[in-house]
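The structure appears right after this line, and notes come after that.
Number of protein chains: 2
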Amino acid sequence: MATLMDVAKRANVSKMTVSRVINHPDMVTNELKQLVYQAMQELDYHPNLIAKALVNNSTRIVKLCILEDIDTTEPYYMNLMVGIAKTLDLHQYSLQLVTRRNFDIGNCDGYIITGMRKGDLDWIKKLDKPVIMFGENRYGLDYVDTNNKAGTYRMAKLVLERGYKHLVYIGIDSKESFEYSREAGFIQQVQENQMIPELYRFENHSHLGEEFITKHWDEIEPNTAFICASDRLAMGIERGIARCGGSIPNDYGVTGFDGVFLSQVASPKITTVKQSIIEMGSACGENLLDKINSKSAQGNLIFEPKISMGGTLRK
Amino acid sequence: MATLMDVAKRANVSKMTVSRVINHPDMVTNELKQLVYQAMQELDYHPNLIAKALVNNSTRIVKLCILEDIDTTEPYYMNLMVGIAKTLDLHQYSLQLVTRRNFDIGNCDGYIITGMRKGDLDWIKKLDKPVIMFGENRYGLDYVDTNNKAGTYRMAKLVLERGYKHLVYIGIDSKESFEYSREAGFIQQVQENQMIPELYRFENHSHLGEEFITKHWDEIEPNTAFICASDRLAMGIERGIARCGGSIPNDYGVTGFDGVFLSQVASPKITTVKQSIIEMGSACGENLLDKINSKSAQGNLIFEPKISMGGTLRK
DNA sequence: AATAAAACTGTTATCGGTAACATTTATGTA
DNA sequence: TACATAAATGTTACCGATAACAGTTTTATT
């Protein structure tokens, strides 16, 4: 690999001039700049980022902290990582995946944190490197997320347009911000239509949705649609209805939230609020790098979700 | 952060002695070693890996190249990454996730490659850094994988023990090595029982399994078990049977392969050949690091799969 | 006790860059 | 023309570690 020195020699200038051409090009005459550019090209010069990191006292590492239990986690984290990695690679940063346990091993230049709980607020606020959260929070930490409220709000609207007369919300039984937002979107849409909201909450497991349906099947009238807070729950609801002999989408509608993987393998495919996780991951990375290089960059980035059409709502 | 120099001063020795205590402790007297250890502890010294990397001309980065299209990929890659990251973190290496496109951006010390196709052999052989493949191959590249053949062999055996009289193998329609191995395991078990193997192959999508069942339902006798090459296909088969009114596990058995995510969300849960991907990922990382530090380490690492009991086989 | 060999510790140069200061060259003004 | 000032380039020291060599102390041998 060619070094600064090699380029300098070939261009007949000092190392410093080459360094300047790269970092402060306006301080070098065009004449020399040309020489240097040419030498760089001829030698296929690429700066050594390790050396750079040493002088800057940086690591070029960004840690992605997944605070939830990864074993049981939704596959969408994969997409998140791909999105983040894409951006970081572009800027020659690398991504280190850490969990609660190995969180503080090794240094880094910044953090992306997801799956935070209330108790984590303390140590997160104490971090002395830039941080961005993935997933909305109400503690004032900058975050990237889908517009959760708009997602359920619009989905509920669509469901009504398709003629379903009863709407039931199946939520996730957790106190996280995103869940409140999704509920709020549903409630607002329902109330705007002079209906009374009906909500249930379960842990995020498909079989709980399935059980709910089979247990209460005789109380569930046809023409009901279930707006679920996750594809997992939607999948369970769908299966429950199928098992009880209900007809989807004619008599019953089901919608999910996520659109990463499960909605695709269900049958029929689930109509869902699709988050573009890869894109959000990229934005997350971009935002963090801006912070690291102290280009302002603060506040939240909120992505508008799209509705992905499956076969669980009638035309 | 304390540096070598700080430690040296406090211990009243030279930088070099401190460095030796860390890297060649047998060249230093116990007396000095004690002093240095104490100083290191008092100052909470951690070596600066960037500086180390600079002298060693290394990057402390390992690239994970996922050559398949990640968007549509199985969630088990997530587990793979977690496993790899776990090991790498322990050794203070970091993982860079790359795809076909951004493959050669930036330097690294070694590669873990998965999802390789035949056409990739050329450039992979040309890489000048240690490489380990995830997933078996027959080109002589070192790999880590599950014992695919043993997986289906043992699963077929179990199915026979449970009294199913007809075995049907549902494979993945691809020319990859792992698929051949899984087929071979099935065929061997069946032949050992003087039965004639029956195989079908589809692309790895659940709905194709479902279609197959619904189309051929009247030809399928009760007491048949389907040994599938993936949980995805198994899920489709299961759904097809349910839709046609067949009873699982009493009249029909279904088994999968993977055991990472889908087998859990299916209903009933799929009895499947479970690969411990996290563990395999760790081994993959360990192996690569050994290669990087040229501690021999060659050959393949083959993990024995376990059968994970779900509800798709009768007792 | 004198001297060679072995064991230990310190000094210097280096990895590939960059900041701060020093020097040279160009430009403007009286 | 002389001198102050600005602009362009070069020198040196440093980031935090390590290898290679130099110097010192200890131990062994005669």
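Read top to bottom, the protein sequences are chains P and X.
One gets our numbering by counting positions in the first sequence from 1 and adding 10 to each.
One gets our numbering by counting positions in the second sequence from 1 and adding 10 to each.
Using N, Cα and C, we set each Cβ at its ideal position, and we do this for glycine too.
Since the structure is predicted, the reported quantities are computational estimates derived from the model, not experimental observations.
query = With contact counted as at least three CB pairs below 8 angstroms, one residue from each stretch, are the segment 128-145 of chain X and the segment 120-132 of chain P in contact?
reply = Between the segment 128-145 of chain X and the segment 120-132 of chain P there are fewer than three inter-stretch CB-CB distances shorter than 8 angstroms, so the stretches are not counted as touching.
inquiry  = Taking its Cβ as the centre, do 16 or more other Cβ atoms sit within 10 Å of residue 232 of chain P, making it buried, or is it exposed?
reply    = Taking the first sequence and counting its residues from 1, the one referred to as residue 232 of chain P is at position 222. Around the C-beta of residue 232 of chain P, fewer than 16 other C-beta atoms lie within 10 Å, and the residue is accordingly described as exposed.
request  = Check distances from the C-beta atoms of the segment 169-203 of chain P to those of chain X and list, in chain order, the residues that come in under 7 angstroms.
outcome  = Of all residues in the segment 169-203 of chain P, none has a Cβ within less than 7 angstroms of some Cβ in chain X.
query = If you drop the 5 nearest sequence neighbours on each side, which residues of the same chain put their C-beta closer than 7 angstroms to that of residue 68 of chain P?
reply = Counting from 1 along the first sequence, the entry for residue 68 of chain P is found at position 58. Only 119 meet the Cβ criterion.
Interface partners of residue 326 of chain X on chain P, CB under 7 angstroms = No answer is possible for residue 326 of chain X: it lies beyond the span of chain X, which begins at 11 and ends at 325.
request  = Establish whether the CB of residue 135 of chain P and some CB of chain X are separated by less than 9 angstroms.
outcome  = Here residue 135 of chain P is taken as the residue at index 125 of the first sequence, counted from 1. Answer no: the Cβ-Cβ gap between residue 135 of chain P and chain X never drops below 9 angstroms.
task = Could you work out which residues of chain X lie near residue 87 of chain P, taking near to mean beta carbons separated by less than 8 angstroms?
result = Your numbering for residue 87 of chain P matches position 77 in the first sequence. Here the neighbours are 88.
task = Below 8 angstroms on the Cβ atoms is my guess for residue 124 of chain P versus residue 144 of chain P; work out the distance and round it to an integer in Å.
result = Residue mapping note: residue 124 of chain P aligns to position 114 of the first sequence, counting from 1. Residue mapping note: residue 144 of chain P aligns to position 134 of the first sequence, counting from 1. About 4 angstroms separates the two Cβ atoms, so the contact holds.
request  = Report the residue ranges of all alpha helix (DSSP H) runs contained in full by the segment 51-83 of chain P; include only those spanning at least 4 residues, in chain order.
outcome  = Contiguous alpha helix (DSSP H) elements confined to the segment 51-83 of chain P occur at 59-66, taking only those with 4 or more residues.
task = Since I believe residue 74 of chain X is in contact with residue 45 of chain X (beta carbons under 8 angstroms), could you give me their beta-carbon distance rounded to a whole number of angstroms?
result = By one-based count along the second sequence, residue 45 of chain X stands at place 35. By one-based count along the second sequence, residue 74 of chain X stands at place 64. By a beta-carbon distance limit of 8 angstroms, residue 45 of chain X does not contact residue 74 of chain X. Their separation comes to about 42 angstroms.
query = Taking the alpha-carbon positions, what's the residue 277 of chain X to residue 247 of chain P distance?
reply = Taking the first residue of the second sequence as position 1, residue 277 of chain X is located at position 267. Taking the first residue of the first sequence as position 1, residue 247 of chain P is located at position 237. Whole-angstrom Cα-Cα distance: 12 angstroms.
ask   = What first and last residue would you give for the beta strand (DSSP E) that runs through residue 279 of chain P?
value = Within the first sequence, residue 279 of chain P is the residue found at index 269, counting from 1. Taken as a continuous stretch (DSSP letters only), residue 279 of chain P belongs to no beta strand (DSSP E), as it is neither H nor E.
request  = Kindly indicate if chain X contains any beta-carbon less than 9 angstroms away from that of residue 213 of chain P.
outcome  = Within the first sequence, the letter at position 203 stands for residue 213 of chain P. Output row for residue 213 of chain P: interface = no.
request  = For residue 238 of chain P, name the three-state secondary structure that DSSP assigns.
outcome  = Translated into positions along the first sequence, residue 238 of chain P becomes position 228. Residue 238 of chain P falls in the strand class under three-state DSSP.
ask   = So, is the C-beta of residue 272 of chain X closer than 9 angstroms to a C-beta in chain P?
value = Numbered from 1 along the second sequence, position 262 holds the residue referred to as residue 272 of chain X. Interface flag for residue 272 of chain X against chain P is set, since a Cβ pair is found closer than 9 angstroms.
message = Please give me, in chain order, every unbroken run of the alpha helix (DSSP H) with length at least 4 that falls completely inside the segment 134-194 of chain X.
response = The segment 134-194 of chain X contains these whole alpha helix (DSSP H) runs: 158-171.
ask   = In this structure, does DSSP put residue 47 of chain X in helix, strand or coil?
value = If you number the second sequence from 1, residue 47 of chain X lands on position 37. Three-state DSSP puts residue 47 of chain X in a helix.
message = Using C-beta distances below 6 angstroms, list every residue in its chain close to residue 191 of chain P, excluding the 5 sequence neighbours before and after it, in chain order.
response = Taking the first sequence and counting its residues from 1, the one referred to as residue 191 of chain P is at position 181. Excluding positions up to five away in sequence, the list reads 158, 159.
ask   = Do you know how far the Cα of residue 146 of chain X is from the Cα of residue 187 of chain X?
value = Here residue 187 of chain X corresponds to residue number 177 of the second sequence, with the count starting at 1. Here residue 146 of chain X corresponds to residue number 136 of the second sequence, with the count starting at 1. Approximately 6 angstroms, taken between the alpha carbons.
Beta carbon proximity, residue 249 of chain P to chain X, threshold 9 angstroms = Here residue 249 of chain P is taken as the residue at index 239 of the first sequence, counted from 1. At least one CB of chain X lies nearer than 9 angstroms to the CB of residue 249 of chain P.
task = Under 7 angstroms between beta-carbons, which chain X residues line up against residue 60 of chain P? List them in chain order, please.
result = Position 50 of the first sequence holds residue 60 of chain P. Within chain X, the residues near residue 60 of chain P are 60, 63, 64, 69.
message = What does the Cβ neighbour count give for residue 41 of chain P, buried or exposed, with the cut at 16 atoms within 10 Å?
response = Sequence index remark: in the first sequence, residue 41 of chain P carries index 31 (1-based). Taking all protein chains shown into account, residue 41 of chain P has fewer than 16 neighbouring C-beta atoms within 10 Å of its C-beta and is therefore exposed.
Chain-ordered residues of the segment 231-245 of chain P with a beta carbon less than 8 angstroms from chain X = Against chain X - using a Cβ distance shorter than 8 angstroms - the residues of the segment 231-245 of chain P are 242, 245.
ask   = How would you list, in chain order, the residues of chain P whose beta-carbon sits under 8 angstroms from the beta-carbon of residue 105 of chain X?
value = In the second sequence, counting from the first residue as 1, residue 105 of chain X sits at position 95. Those within 8 angstroms of residue 105 of chain X in chain P are 104, 105, 106, 107.
task = Spatial neighbours of residue 103 of chain X within its chain, please: CB distance less than 6 angstroms, with the 5 preceding and 5 following residues excluded, ordered by chain position.
result = Position 93 of the second sequence, counted from the first residue, corresponds to residue 103 of chain X. Beyond the five residues adjoining it in sequence on each side, residue 103 of chain X comes within less than 6 angstroms, by CB distance, of 70, 72 in the same chain, given in chain order.
query = How would you label residue 24 of chain X, buried or exposed, when you count the other beta carbons within 10 angstroms and need 16 or more for buried?
reply = Working through the second sequence from its first residue, we reach residue 24 of chain X at position 14. Exposed is the call here.
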